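Data block below; observations after.
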Amino acid sequence: MSYVDEVLELVKKKNASEPEFIQAVTEVLNSLRPVVEANEELYKKNAILERITEPDRQFMFRVPWVDDKGQVQVNRGFRVQFNNAIGPYKGGLRLHPSVNLGIIKFLGFEQIFKNSLTSLPIGGGKGGSDFDPKGKSDREIMAFCQSFMTELSKYIGADVDVPAGDIGTGAREIGFMFGQYKRIRGTFEGVLTGKGLTYGGSLARTEATGYGLLYLTQELMKCHGESMEGKTVVVSGAGNVAIYATQKAQQMGAKVVTCSDSTGWIYDSEGIDVALLKEVKEVKRARLTEYAAARPSAEYHEGRGVWQIKCDIALPCATQNELLLEDAKQLVANGCKCVCEGANMPTTIDATEYLQQNGVWFVGGKAANAGGVATSALEMSQNSERLSWSFEEVDAKLQNIMVNIYHNIDDAAKRYGMEGNYVAGANIAGFEKVVNAMLAQGVC
Ligand code: NDP
21 MSYVDEVLEL VKKKNASEPE FIQAVTEVLN SLRPVVEANE ELYKKNAILE RITEPDRQFM
81 FRVPWVDDKG QVQVNRGFRV QFNNAIGPYK GGLRLHPSVN LGIIKFLGFE QIFKNSLTSL
141 PIGGGKGGSD FDPKGKSDRE IMAFCQSFMT ELSKYIGADV DVPAGDIGTG AREIGFMFGQ
201 YKRIRGTFEG VLTGKGLTYG GSLARTEATG YGLLYLTQEL MKCHGESMEG KTVVVSGAGN
261 VAIYATQKAQ QMGAKVVTCS DSTGWIYDSE GIDVALLKEV KEVKRARLTE YAAARPSAEY
321 HEGRGVWQIK CDIALPCATQ NELLLEDAKQ LVANGCKCVC EGANMPTTID ATEYLQQNGV
381 WFVGGKAANA GGVATSALEM SQNSERLSWS FEEVDAKLQN IMVNIYHNID DAAKRYGMEG
441 NYVAGANIAG FEKVVNAMLA QGVC
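Okay, so the sequence shown: first residue is 21 according to this note's numbering, each after it adds one.
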């Protein structure tokens, strides 16, 4: 049995109740086979794959808080510190009822390679809670965030572990958590990213994941002799990533015709009105039915369905496992040329393989959505030097990073005879740097 298969079996046995984690490890290790085979003796002797698939440590804790009726509620909090070979742990905090340890581990594992790809010195981690921010008052959100940070503050720090936003954790939540950290630790430091601009946040961080996704997509198109101008784009999600991906795609001359949320989706033949979408989702925090009610060219549909719409480019920007095999078949049948993931692992393994086998240029989230964490690392740099850079400066650095990521993953795939396999290219490029650091640092 090969070393990769041995470790995959071990991971499945040790983490049997964590399907998303097993899915992520399977996808990564399978694509690393050529690199591992070329270095099998060294990696096996140093147990590189066993070490990289086992978190450095993971915390699970009770989060008690009081709701507006005076009732005590209890949620579960998580922080997984996966690998700090190349820098402090870095990764977002997800607040969603579906959150469990397996999901946080899958996200933390993916984060190691994504962070490495940015070329910045950040390790991999992730956290969150099964708390549902939907329908909660600001006071309830604050009560939860303060309780969550009361425990989390014991494990994080500007040079140790620097969490950020993710699904359900936006500027409001980061603000409440930062305030509580400061209060408990008595220190003003860059312990969280995604902060407000008045207290250490970076310009362009809000836009970074969506914009970065488009900078990479544009470079990919350019290298295949195409441009964004006049292309029809299908986007899923209606959150931070989806909104700014839509905005940048439209600035580049493409037409984005869909968005979606956890209950339904919109087809807007005139192109999504970003200002209206922001008003509905960021200000009113309402359902997409309100978008359709305000826009005559928009149709609202219950359930899921954006991938049925004919497009040149598809950008899944909502959540994991939202683009299934049947969706991939529909995209190919409709002539879609390119799929770049704004969300983390939105495409299932079989759907990814189908897209790749049918000539679709497919870039996974690890590379395509790395703009968010890259800009978070730029926020850390600004905090460390106690300066803030202009929007244009940060945006230019982001663009440069995303263009470099595209070329690095393209080169890595070519080096191992897998030209055009950007998934393998991303895993290889991210992995090589982390492994070199692990080998240099000995058994730890
Ligand atoms: P948001 O919470 O801002 O938005 C998430 C969107 O996805 C919302 O429209 C939400 O619908 C929808 N959604 C969430 N869960 C589900 C579900 N189970 N089924 C269907 N739709 C769902 O999150 P972000 O935009 O920040 O994140 C989106 C994805 O991008 C995630 O996978 C995240 O990990 C990833 N990502 C985010 C980064 C960032 O900087 N924000 C960086 C890198 C990756 P509703 O409005 O109904 O809640």
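C-beta atoms are modelled at their ideal positions from N, C-alpha and C, and glycine is treated no differently. Note that the structure is a prediction, hence the values are computed from the model and not measured.
From residue i to residue j, what does the alpha carbon distance come to, in whole angstroms?
i    : j    : result
R82  : V211 : 21 Å
K357 : M365 : 19 Å
T207 : I421 : 31 Å
Y23  : A262 : 39 Å
A449 : G385 : 14 Å
S51  : S157 : 45 Å
R225 : L28  : 36 Å
N260 : A295 : 13 Å
T278 : K64  : 47 Å
R324 : G284 : 6 Å
E227 : S139 : 20 Å
R406 : S396 : 15 Å
Q419 : E342 : 27 Å
G250 : H244 : 16 Å
E74  : F102 : 7 Å
V86  : Q93  : 6 Å
H427 : V48  : 19 Å
T339 : A363 : 6 Å
I161 : P153 : 7 Å
V119 : D150 : 5 Å
K301 : Y175 : 33 Å
Looking at residue i and the ligand NDP, is the gap between the Cβ and the nearest heavy atom below 7 Å?
i    : result
I124 : no
E342 : yes
S118 : yes
T278 : no
S282 : yes
C360 : no
A388 : no
V261 : yes
T229 : yes
K301 : yes
T138 : no
C337 : yes
A363 : yes
G291 : no
D152 : no
I187 : yes
G385 : yes
G144 : no
G148 : no
A397 : no
A258 : yes
G392 : yes
Go ahead and pull the three-state DSSP assignment for residue i.
i    : result
H321 : strand
N260 : helix
F168 : helix
T283 : coil
T372 : helix
S149 : strand
I42  : helix
K304 : coil
V463 : coil
C337 : coil
Q91  : coil
D288 : strand
T278 : strand
F129 : helix
L217 : helix
V180 : coil
P84  : strand
Y109 : strand
G97  : strand
L212 : coil
C243 : helix
D332 : coil
Going by Cα to Cα distance, which pick from the options is closest to residue i?
i    : options                   : result
L115 : T372, G190 and G384       : G190
S317 : S289, C337 and A306       : S289
I204 : D179, Q166, E193 and T213 : Q166
G177 : I429, S404 and Y426       : S404
A163 : R192, G144 and L233       : R192
V443 : D415, T368, N456 and M458 : T368
A348 : I333, Q340, I329 and T372 : T372
G216 : E399, S149 and A105       : E399
D415 : T266, A394, V56 and D431  : A394
T218 : G199, Y235 and L234       : G199
G111 : S256, N95 and F133        : F133
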